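Under the numbering used here, the letters of the sequence shown match residues 446 to 644, in that order.
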Amino acid sequence: MDETWTVFEHDEDIWDAPAFGAVPGAVTATACADGGGDAETDAGIGFGADGDLIGDEFGDEDDEPHARLRACLERLAAPGLSGRELGAAGEAAAQAWLECRRIRVIGANWRTRYGEIDVIAVTPNRTILFVEVKTRRTRRFGTPEEAVHPAKQANLRRAAAQWLGARGAKVPHVGVRFDVLALSVSGGDVDVRHIPGAF
């Protein structure tokens with residue numbers, strides 16, 4: 446069986462998200478099932494083949510968020526998931542991804558007449574995040590982030606306004622932000638792209 450490792454790269458100069466134009470500060474990750482790369486020298490933070498954390502930027506490898514992220518990525522990479530299961534696994538992985546970055550998830554799957562907000566979270570500096578999660582197995586219809594088209598963005602803004610009207614006063618905050626977490630699954634590989642302030 447091939448080794449499995451995950452590397453979280455922190456790329457400050459990602460400018461290639463076609464749906465959003467320039468996206469400085471985007472964060473990417475790859476969970477690889479082919480054992481490629483050198484887990485000892487690749488940049489960033491991640492889990493080596495032995496399950497040990499590489500780097501320490503986001504805290505202790507044995508804490509619950511990192512264990513949950515590892516389990517979510519393994520579930521997401523599992524073959525045979527239905528479309529619904531893939532979406533649910535992607536949303537669980539997105540929540541774990543945020544929690545590993547000390548972003549507290551305060552809500553998920555909040556429904557309005559404009560659609561659903563996948564994840565609602567709060568950063569340590571008290572910015573409320575409305576996160577759209579897109580998970581795809583193929584790029585036949587474009588990348589996951591391309592699925593967050595202008596009409597979808599407008600509906601998410603309306604849904605966020607409803608959430609803020611109903612619950613925003615109960616959550617101390619200094620601002621809001623719309624992020625996209627795009628997960629691409631191919632074979633046993635999972636690519637995660639976090640686009641802060643996507644729209």
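Ideal Cβ positions, reconstructed from N, Cα and C, are used throughout, including at glycine.
The model shown is predicted, which means the values in this text are computed figures rather than measured ones.
What three-state label does DSSP hand HIS511 in the structure shown? On the sequence shown, residue 511 is found 66 positions in, with the first residue counted as 1. Helix at HIS511.
Look up GLY528 in the DSSP assignment and say whether it is helix, strand or coil. Position 83 of the sequence shown, counted from the first residue, corresponds to residue 528. Look at GLY528 here: in three-state DSSP terms it is helix.
Helix, strand or coil at GLY535 according to DSSP, with G and I counted as helix: Within the sequence shown, residue 535 is the residue found at index 90, counting from 1. In the structure shown, GLY535 adopts helical secondary structure according to DSSP, grouped into three states.
Grouping DSSP H, G and I as helix and E and B as strand, with all else coil, what is GLY610? For the purposes of this step, residue 610 is taken as residue 165 along the sequence shown, with counting starting at 1. Helix.
Is ASN600 helix, strand or coil when you go by DSSP? For this step, residue 600 is matched to residue 155 along the sequence shown. DSSP, reduced to helix, strand and coil, places ASN600 within a helical segment of the structure shown.
Length of the line joining the Cα atoms of GLU650 and ALA611: Because the chain spans 446 through 644 in this model, residue 650 falls outside it and cannot be assessed.
Tell me whether GLU561 is buried or exposed, calling it buried when 16 or more other Cβ atoms sit within 10 Å of its Cβ. Residue 561 sits at position 116 when you count from the first residue of the sequence shown. It is exposed - the Cβ of GLU561 has fewer than 16 other Cβ atoms within 10 Å.
Is the beta carbon of ALA539 sitting closer than 8 Å to the one on VAL564? Position 94 of the sequence shown, counted from the start, is the residue given in the question as residue 539. Position 119 of the sequence shown, counted from the start, is the residue given in the question as residue 564. The Cβ atoms of ALA539 and VAL564 lie closer than 8 Å to each other.
Nearest residue (CA-CA) to LEU531, options HIS618, PRO510, THR583 and LYS615: Taking the sequence shown and counting its residues from 1, the one referred to as residue 531 is at position 86. Selection HIS618, PRO510, THR583 and LYS615 evaluated against LEU531 yields THR583 as nearest (Cα-Cα).
Quick one: Cα of ALA512 to Cα of GLY525, how far? Against the sequence shown, residue 512 aligns to sequence position 67. Against the sequence shown, residue 525 aligns to sequence position 80. Distance between the alpha carbons of ALA512 and GLY525: 23 Å.
What do you get for PRO595, buried or exposed, if any count of 16 or more other CB atoms within 10 angstroms of its CB means buried? Working through the sequence shown from its first residue, we reach residue 595 at position 150. Using a 10 angstroms sphere on the CB of PRO595, the tally of other CB atoms stays under 16, which defines it as exposed.
Taking only three categories from DSSP, how would you classify ASP624? In the sequence shown, the residue the question calls residue 624 occupies position 179. Reduced to three states, the DSSP call for ASP624 is strand.
Less than 8 Å between the beta carbons of THR572 and VAL625, yes or no? Within the sequence shown, residue 572 is the residue found at index 127, counting from 1. Within the sequence shown, residue 625 is the residue found at index 180, counting from 1. No, they are not a contact pair.
What three-state label does DSSP hand ALA553 in the structure shown? Against the sequence shown, residue 553 aligns to sequence position 108. Looking at ALA553 - three-state DSSP - the assignment turns out to be strand.
If you run the structure through DSSP and keep just helix, strand and coil, what is ARG638? Taking the sequence shown and counting its residues from 1, the one referred to as residue 638 is at position 193. Secondary structure of ARG638 (DSSP, three-state): strand.
What do you get for SER527, buried or exposed, if any count of 16 or more other CB atoms within 10 angstroms of its CB means buried? What you label residue 527 is simply residue 82 of the sequence shown in a count that begins at 1. Taking a 10 Å sphere around the C-beta of SER527, we find fewer than 16 other C-beta atoms and assign the residue as exposed.
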